[in-house]
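In what follows, a structure is listed as structure tokens, so that the remarks can point back to it.
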DNA sequence: GTATATACCTTGAACTGCAAGGTATGGAGA
DNA sequence: TCTCCATACCTTGCAGTTCAAGGTATATAC
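Residue numbers (the numbering used here), protein chains in the order written: chain A, 1 to 116; chain B, 1 to 116.
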């Protein structure tokens with residue numbers, strides 16, 4: 001039925017939130033994040049590299065992340081960590097996430113509405 | 001900071017979900033839905049008419065809604081109701097919603113990840 | 001008679017995630 | 001050796017969604 005399907009339901013902003021959350025705990029590199037998100041959500045959420053790398057670059061440019069290049073086994077890894085600004089942004093995103101999900105869940109479970 | 005801001009965080013698919021939810025209980029018209037969503041979510045979520053009308057037309061075309069025109073005080077209202085297909089689609093969206101929100105909330109509250 | 005609320009609708013811009021493809025190294029297997 | 005796969009970085013084009021703004025029209029209030 002659905003002719004194609006990009007921008008899947010309910011995913012806008014979620015990758016950015018998850019990336020900031022993970023990088024607040026410890027430094028990670030892009031390829032690692034792709035697998036960490038899949039693992040940490042129990043396969044529920046999967047994002048490709050085409051999603052992760054642009055977000056990393058944008059967040060770094062905004063000062064939310066810092067990067068550090070490390071050569072490992074001949075390959076180069078770029079490790080990212082959340083800055084203070086990044087953690088502040090994470091807090092704002094979490095608040096917004098709570099606000100939206102509370103509102104939607106309340107209505108879905110059927111409660112207060114229909115009060116003519 | 002944020003240069004503009006369309007497609008705000010975490011809103012993709014939410015209007016469609018809320019509309020199907022409300023129209024599963026009782027028939028409503030577009031303008032009414034705009035206000036009902038605002039009221040039912042305690043002002044947390046507001047959608048404009050430019051969001052609601054296109055969704056109503058698309059859902060009707062897909063057979064998820066049926067419409068009925070009623071003249072009221074000289075104005076014409078178009079009432080929509082969810083069909084069986086619409087309720088089925090609502091069920092699918094709710095499942096997806098649970099899947100995503102459970103995964104994100106689990107990670108945000110900090111639990112299983114970081115298990116090196 | 002002018003403004004506001006109701007009620008429908010469309011258009012253009014902006015943003016986002018996704019698939020697909022492109023480069024390059026190291027190790028495993030035939 | 002030669003090929004394939006996993007690692008690791010990156011970019012581009014498409015598609016889909018929300019939003020602000022504007023456009024039409026009627027009834028009511030001032």
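Cβ atoms here follow ideal geometry from the backbone N, Cα and C, with glycine treated the same way.
- Beta-bridge partners of residue 67 of chain B (DSSP): B:80.
- Counting C-beta pairs with one atom in each stretch, the segment 27 to 39 of chain B and the segment 33 to 46 of chain A have fewer than three that are closer than 8 Å, which means they do not touch.
- Taking each of A:12, A:23, A:14 and A:11 in turn and checking the Cα distance to residue 80 of chain A, the smallest one comes out for A:23.
- When the alpha-carbon of residue 18 of chain A is set against those of A:82, A:76 and A:68, the nearest one is in A:82.
- DSSP lists A:79 as the bridge partner or partners of residue 29 of chain A.
- Its chain contains 30, 33 and 34 as the residues whose beta carbon lies nearer than 6 Å to that of residue 52 of chain B, once the 5 sequence neighbours on both sides are disregarded; these appear in chain order.
- For the 8 Å CB-CB criterion, residue 28 of chain A and residue 12 of chain B do not form a contact.
- Under the three-state reduction of DSSP, residue 52 of chain B is assigned to helix.
- Residue 55 of chain A and residue 20 of chain A have their alpha carbons spaced roughly 10 Å apart.
- When DSSP states are grouped into helix, strand and coil, residue 47 of chain B belongs to the coil group.
- Within chain A, the residues 10, 100 and 104 have their CB atoms less than 8 Å from the CB of residue 14 of chain B, given in chain order.
- Considering only A:96, A:95 and A:102, the residue with the shortest C-alpha distance to residue 98 of chain B is A:102.
- Sequence-distant partners of residue 95 of chain B (beyond 5 residues in either direction) whose C-beta falls short of 7 Å from its own C-beta are missing from its chain.
- Beta-bridge partners of residue 72 of chain B (DSSP): B:75.
- Interface with chain A (8 Å Cβ-Cβ cutoff): residue 42 of chain B is included.
- Within a 10 Å sphere around the beta-carbon of residue 41 of chain B sit 16 or more other beta-carbons, which makes this residue buried.
- The beta carbons of residue 92 of chain A and residue 63 of chain A sit no closer together than 8 Å.
- The C-beta of residue 23 of chain B comes no closer than 8 Å to any C-beta of chain A.
- In terms of Cβ geometry, residue 47 of chain B and residue 104 of chain A do not form a close pair [threshold 8 Å].
- Neighbours of residue 55 of chain A in chain B, taken as residues whose beta carbon is under 7 Å from its own, are absent, since the nearest beta carbon is some 13 Å off.
- Along the segment 68 to 98 of chain A, going in chain order, the ones with a CB nearer than 7 Å to a CB of chain B are 93, 94, 96 and 97.
- Contact of residue 17 of chain B with chain A is assigned, a C-beta pair being separated by under 8 Å.
- Taking the C-beta atoms as reference points, residue 69 of chain A is found nearer than 8 Å to residue 78 of chain A.
- Setting aside the 5 residues that flank it on each side, residue 65 of chain B is surrounded in the same chain by 23, 56, 59, 80, 81, 82, 83 and 86, each with a C-beta closer than 7 Å to its C-beta; the list follows chain order.
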